[in-house]
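Colleague:
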Amino acid sequence: MLCRTSAKGYAKCAEALSQITPGQPKNKKTPVLVLVGENDIVATPTAAQEMATARGGKLVVLRDAAHIPIIEKSDEILGEMMRFLAKNFNQTVRMETGV
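When the count follows our numbering, it moves up by one through the sequence shown with no breaks and lands on 166 for the last residue.
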């Protein structure tokens, strides 16, 4: 997707995104999980920490991952999400993989 985006288009998108400030969740009791790649230079671990702190959430920094950790570290992300859901929503979470 990025490879098909013009430099001008990417710059405009980055400019628009820079104006966004994360809001507070409507229900402050809702648990928040923030996942970020340790090598992400766009959505940095520092920014992710600020977001997690502002929302009273949990931060997970994924080692050896950059801006698209859902592709780079999908199994690790799935594991983090399953543990988070099980802990915060008192659910028994079962994961099945085709691997």
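The C-beta atom is built at its ideal place from N, Cα and C for all residues, glycine as well.
Whose C-alpha, out of G146, A110 and F151, is nearest the C-alpha of A81?
Modeller: Measuring from the Cα of A81, the nearest candidate turns out to be A110.
Colleague: Taking its Cβ as the centre, do 16 or more other Cβ atoms sit within 10 Å of V166, making it buried, or is it exposed?
Modeller: Confidence is the limiting factor: at V166 the pLDDT is only 45, short of 50, which leaves the residue's position unreliable, though a coordinate-based value still follows. The residue is exposed, with fewer than 16 neighbouring Cβ atoms inside 10 Å.
Colleague: For V101, which residues does DSSP report across the bridge?
Modeller: Beta-bridge pairing links V101 to L126.
Colleague: Determine contact between the segment 98–107 and the segment 121–131, defined as no fewer than three beta-carbon pairs at a distance below 8 Å.
Modeller: The answer is yes - the segment 121–131 touches the segment 98–107, with three or more Cβ pairs under 8 Å.
Colleague: Do G104 and L84 come within 9 Å of each other at the CB atom, strictly closer than that value?
Modeller: In this structure, G104 does not lie closer than 9 Å to L84 by Cβ.
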